[in-house]
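Take a look at the structure set out below.
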DNA sequence: GCTAGTCTCTGTATCGATACAGACTGGATC
DNA sequence: GATCCAGTCTGTATCGATACAGAGACTAGC
């Protein structure tokens, strides 16, 4: 059907190797012969070496995988994820490498298979949930990877780019505590798997399984412990899924309770924006003054006047891809902590006198 | 190094074929033998069939390519492109297919090579510039593709999903014309390749090379022709690149001219938002009242109160992927025109009395 | 004139799997 | 007891290229 490299070789009367060299190693043959070969290829409609066959023989593919442990369409909805992807894309582009986005089916068995079958040279693991099984598969395949979230049993030689979640969260909470807030709600995505939306009682913050969420909640708790507010006095609110409507729904009832929180610390900007939505949805005469903080500093946060913790999203993606594409010789350099900064905007203020 | 399928076969004492069947065709062997094989594979650390070798033999890859004729990092900056990608991603996910984002180097020779080398089963071509060369390569490779923008020499059997650019643009312009505007600027990205930012004189709209841009500009011109304003009376403004700052820079000087436009029709929301930025940047006492329209209805448009033409971005991506992944038997069904709608918001109003 | 060295090009082995035809069992059918 | 058949498994050919060692031809140097 489609001509192969052999067909071109036969047409020109040279060996297959020579045709291959005409494409991949121009210095291995004379310019005139090379031109003759390419011309013959053009005549025959030969589209160049088959990428799959070439990858098999060469032992690498020329593309890196990005793994989201969530719906692929969700990834494009999350502004932080999009900035991250932009960073990965930029680095990949500079490196002449493609990006493979691998959707993971809900069932773990199928998802494992998807990771096993991805034709890539390595993975950037952007996790929104527990992804240990995925790393197992990647290790088994012998592929390099970079993870972007802290993990409980990460080994020292694993490449990583991320932030100090706990310290970053602390900065936001300390700001809110400094404004005098003592009745505070902490809002986070999937605090416990399958927990319902709304307030959730948890004996200790250590029980939160997902390391990122645990890190942020711990940072929040740290800051309030410093002003004498213990974990048990904080209201923990679970949101199943990182979306504005979900956050709005989870928080809505809270403001109608006897002693409602005067501040809400959210584990992401998306959640925080959902809290602002919930407040905005109330009639003006029944709208409590609540301080709200987010996390990430996505583009929408600035427009909404949201106080938040900035982390460099695009940078994170860029560095993740670079750590993968040209690994530093020094193992320590493979562990990158990015700076974060508290960005104070209009969404936080002193406790209103009631 | 890493065990191959052969190694597993040897360990269990069966043929390579049988091990292959254990993975890919479980009905071809007894359940007990299959279990023995998978167990041995686990023992040996065999990560499952090599994706590349499998693809070579089977003749397909299990992933589709998305081609942007622009920087990959740019694609994630453009809100419309992001929604499009979300649509493609959702469809790919449902189909169990991966998405390969292929960055194209600036030089055409290199870019051709990139398209030749992409290991995919087909392409969604999201073009922001002339992409005929890319389609040539894809056709030569014998791969299916779906394009999402009108093309001048598209053949009837090519799959396509898009909108009636001209009619959609007409609806926006007719709205503005109906408000009484007669001094109007048309703003578009890359009207002519390499043209400088700012006003551009063009004898006729047919001279615009890019079909999408030409379609929209023609629609704008149509509506004004109907109220007696000819092409020559419209101010055409070129923006090199679809970004807010570029649009702001290109339009800025226009409002200081003798008879400034009372309305600006932009070829995309991003450009329109740039116009609003340019206006907002002026001191309040020197800020002309200008009606502005966009195109696409990206999420930011609603927040900015921008009058625009809505086209279903995510739907476009979804349908593009579906046309690629399960092609309709009927060729006519492979050509999908999506509906558009004029969304009137605060950014357009009657001509101010001066 | 002979050895070296450089340029080109060829031939064979190999990358790691899947497809497909066929061989072998053991029981059901008549 | 011969025939058929379904259920399992094997063996060989093949997918389309690249790597690498080596063969010829040709120039240079002494």
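Chains as they are written, first to last, in our numbering: chain B, 1394 to 1747; chain X, 1394 to 1747. The beta-carbon is built from N, C-alpha and C at its ideal position, and this holds for glycine as well.
If you check the beta carbons only, do residue 1493/B and residue 1457/B fall under 8 Å apart?
A Cβ-Cβ contact shorter than 8 Å links residue 1493/B with residue 1457/B.
Check whether the segment 1462-1479 of chain X and the segment 1414-1433 of chain X are in contact - that is, three or more C-beta pairs closer than 8 Å.
No contact exists between the segment 1462-1479 of chain X and the segment 1414-1433 of chain X.
Residues bridged to residue 1553/B by DSSP?
Partner(s): 1540/B, 1728/B.
Cβ neighbour criterion (16 or more within 10 Å) applied to residue 1682/X:
Exposed is the call here.
Within 7 Å of chain X by C-beta, residues of the segment 1416-1446 of chain B in sequence order
Per Cβ criterion, the list reads 1438, 1440, 1441, 1444, 1445, 1446.
Rounded C-alpha distance that separates residue 1497/B from residue 1740/X:
The alpha-carbon atoms of residue 1497/B and residue 1740/X are separated by roughly 42 Å.
The alpha helix (DSSP H) enclosing residue 1467/X, as first and last residue numbers:
First-last of the alpha helix (DSSP H) with residue 1467/X: 1465-1468.
Chain X residues whose Cβ lies nearer than 9 Å to that of residue 1395/B
Within 9 Å Cβ-Cβ: 1533, 1534, 1535.
Between the CA atoms of residue 1583/B and residue 1434/X - distance to the nearest angstrom
One C-alpha to the other measures close to 35 Å.
Partners in chain B for residue 1448/X, counting only beta-carbon separations shorter than 7 Å:
Within 7 Å of the CB of residue 1448/X, the CB atoms of chain B belong to 1445, 1512, in sequence order along the chain.
Please report the Cβ distance between residue 1556/X and residue 1733/X, rounded to the nearest whole angstrom; I am assuming they are in contact, meaning their Cβ atoms lie under 8 Å.
Contact flag correct, Cβ pair sits at about 5 Å.
What are the complete beta strand (DSSP E) segments, minimum 3 residues, inside the segment 1600-1660 of chain B?
Runs of the beta strand (DSSP E) inside the segment 1600-1660 of chain B: 1628-1632, 1656-1659.
Between residue 1486/B and chain X, is the shortest Cβ-Cβ distance under 8 Å, so that the two count as touching?
Nearest CB-CB separation between residue 1486/B and chain X: below the 8 Å threshold.
Distance between beta carbons of residue 1543/X and residue 1608/X, contact taken as under 8 Å:
That belief holds up - the Cβ atoms of residue 1608/X and residue 1543/X are roughly 6 Å apart, short of 8 Å.
Just checking: is the beta-carbon of residue 1541/B within a distance shorter than 8 Å of some beta-carbon in chain X?
So no, residue 1541/B is outside the interface.
Are residue 1665/B and residue 1616/B touching if we call contact CB-CB under 8 Å?
No, the pair does not count as a contact, with Cβ atoms beyond the cut-off.
Could you name the residues of chain B that residue 1530/X contacts, counting a contact when the two beta carbons are closer than 9 Å?
Contacts between residue 1530/X and chain B, judged by CB atoms closer than 9 Å, involve 1440, 1441 in chain order.
Taking the alpha-carbon of residue 1489/B as reference, which of 1651/X, 1563/X, 1505/X has the nearest alpha-carbon?
If we check each option's Cα against that of residue 1489/B, 1505/X comes out closest.
May I ask you to list the residues that DSSP assigns as paired with residue 1457/X?
Residue 1457/X pairs with 1492/X.
Per DSSP, which residues does residue 1689/B bridge with? Please list them.
Per DSSP, 1703/B.
Pairs of beta-carbons, one from the segment 1512-1522 of chain X and one from the segment 1670-1679 of chain X, closer than 8 Å: are there three or more?
Three or more Cβ pairs closer than 8 Å define a contact, and the segment 1512-1522 of chain X falls short of that threshold against the segment 1670-1679 of chain X.
Which chain B residues are close to residue 1745/X, counting only those with a beta carbon under 7 Å from its beta carbon?
Simply none; closest approach about 27 Å.
Hey, is residue 1665/X's beta-carbon within less than 8 Å of any beta-carbon in chain B?
Chain B, which has no Cβ nearer than 8 Å to the Cβ of residue 1665/X, makes this no.
Going straight from the alpha carbon of residue 1717/X to that of residue 1460/X, what length do you get?
In this structure, the CA atom of residue 1717/X is about 13 Å from the CA atom of residue 1460/X.
What residues match up with residue 1592/B in a beta bridge as DSSP calls it?
Here residue 1592/B is bridged, per DSSP, to 1630/B.
Find the residues of chain B that neighbour residue 1495/X, judging by a C-beta separation of less than 9 Å, and give them in chain order.
Neighbours of residue 1495/X on chain B, chain order: 1456, 1491, 1492.
Decide if residue 1677/B is buried, meaning its Cβ has at least 16 other Cβ atoms within 10 Å, or exposed.
The residue in question, residue 1677/B, is exposed, as its Cβ has fewer than 16 Cβ neighbours within 10 Å.
What residue does the alpha helix (DSSP H) around residue 1416/B start on, and which one ends it?
That run of the alpha helix (DSSP H) goes 1409-1417.
Say whether the segment 1568-1582 of chain X touches the segment 1646-1657 of chain X, bearing in mind that this needs 3 or more beta-carbon pairs closer than 8 Å, one atom from each stretch.
Taking 8 Å as the limit for Cβ pairs, the verdict is that the segment 1646-1657 of chain X does touch the segment 1568-1582 of chain X.
Relative to chain X, which residues along the segment 1461-1484 of chain B have a C-beta separation below 8 Å, given in chain order?
Listed by position, the residues of the segment 1461-1484 of chain B near chain X (Cβ gap below 8 Å) are 1464, 1465, 1466, 1468, 1469, 1470, 1475, 1476, 1478, 1479, 1480, 1482, 1483.
I believe residue 1573/B touches residue 1630/B by the beta-carbon criterion, under 8 Å. Please report the beta-carbon distance rounded to the nearest angstrom.
Wrong, their Cβ atoms sit about 21 Å apart, outside the cutoff.
Could you list which residues in chain X have their beta carbon closer than 7 Å to that of residue 1509/B, in chain order?
What residue 1509/B touches in chain X: 1440, 1441.
Who does residue 1519/X pair with in a DSSP beta bridge?
1461/X.
Which residue wins for smallest C-alpha separation from residue 1680/B, given the options 1648/B, 1696/B, 1663/B?
Considering only alpha carbons, the answer is 1648/B.
Taking residue 1626/B as the reference, give the member of 1692/B, 1640/B, 1595/B with the closest Cα.
Residue 1595/B is the option with its Cα nearest to residue 1626/B.
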